[in-house]
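Numbering-wise, numbering that gives the first Met the number 0 puts 64 at position 65 of the sequence shown, and it's gapless, one number per residue. Ideal placement from N, C-alpha and C gives every residue a C-beta, glycine not left out.
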Amino acid sequence: MNDIIQNNKLLLLGRLTAGLVHEIRNPLSAIKLNLDYMKMAEDDLPVDVKEIVNESLEAFEQVNFLIEDVLDFTRKPTEKIHKVSVPGITDKCLKIISTTARNKGIIIQSQIDENLPQILANKNKLMQVFMNIINNAIEASHERGNIIIRSAVKNLNGNDSLIWEVEDFGVGMKNEDKEKIMSGFFTTKSKGHGIGLGVCDKLIKELGAEMYFESEYGKGTTFSVKFKIAE
Ligand SMILES: Nc1ncnc2c1ncn2[C@@H]1O[C@H](COP(=O)(O)OP(=O)(O)OP(=O)(O)O)[C@@H](O)[C@H]1O
Ligand SMILES: [Mg+2]
């Protein structure tokens with residue numbers, strides 16, 4: 000029963016986040032308006048106040064980007080497929096998820112080639128895939144662990160593909176669990192739902208991509224997604 004109560008709270012929180020984020024936007028735009036006003040008169044301001052105004056504007060931008068990204072993520076996806084940038088989407092995910100990682104002392108290293116070719120995908124769904132995989136890596140990691148995100152073009156079987164992968168050095172998987180993790184509702188976590196990877200599997204199939212993993216119990220896990228490159 001305790002599990003059900005906790006899961007219900009988490010599901011509620013998920014639904015409420017979008018509303019909450021909207022509510023934060025209004026007071027935030029009031030702050031921004033006042034800062035812009037002060038900025039206009041910056042020639043009359045003492046140097047240290049001028050600096051404070053500029054720092055506050057920068058801080059505003061950071062919060063604003065985060066809010067836009069969270070809203071983007073919580074929105075229902077359209078079916079639209081666009082050319083999307085994998086480094087860009089990974090960056091958005093990392094911004095949203097960085098607090099969770101930081102709270103566990105986990106460092107996420109991003110080794111992504113900034114000049115990767117684009118892929119055809121739905122931005123929102125791609126974010127959901129990346130977020131689930133990165134979140135699983137965080138949950139599997141020990142305190143103060145490391146996670147590496149890599150992405151590069153590789154030539155596999157004569158075709159160029161874009162590979163995106165997340166490596167963690169956490170708990171790993173038992174051999175007998177490996178075939179169960181994609182089947183849905185399988186979880187080894189006290190507060191898990193066993194839904195994340197099933198969702199990823201469905202979304203990745205929609206994208207015409209492939210997902211696979213390697214894992215060693217007690218050592219760690221690497222999840223990879225292989226995408227076709229947009230013409
Ligand atoms: N990086 C990983 N390292 C070790 N085990 C993993 C990793 N990713 C997934 N797993 C295993 O696969 C199971 C299923 O993962 P999945 O994301 O579907 O569900 P979950 O994380 O347990 O719950 P949730 O619905 O909250 O995502 C996990 O419970 C865990 O046993
Ligand atoms: Mg999960």
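In the three-state DSSP reduction, residue 73 falls in the helix class (H, G or I). Cα atoms of residue 15 and residue 137: separation of roughly 23 Å, rounded to the nearest angstrom. The nearest non-hydrogen atom of ligand 1 is 6 Å or more from the C-beta of residue 145. With 6 Å as the limit, the residues whose C-beta approaches any heavy atom of ligand 2 more closely are 131, 134, 135, 195, in sequence along the chain. If you draw a straight line from the Cα of residue 77 to the Cα of residue 121, it is about 8 Å long. Looking from the CA of residue 100, the closest CA among 142, 214, 12, 54 belongs to 142. Apart from the 5 residues on each side of it in sequence, residue 124 sits with its Cβ closer than 6 Å to the Cβ of 76, 202 in its chain, given in chain order. Distances taken from the Cβ of residue 167 to the heavy atoms of ligand 1 include one shorter than 6 Å. In the three-state reduction of the DSSP assignment, residue 120 falls in the strand class, which pools E and B. For the pair of segments examined, the stretch 145 to 159 was found not to touch the stretch 197 to 216: the number of CB pairs separated by less than 8 Å stays below three.
Residue 10 counts as exposed, since fewer than 16 other C-beta atoms from the protein chains shown sit within 10 angstroms of its C-beta.
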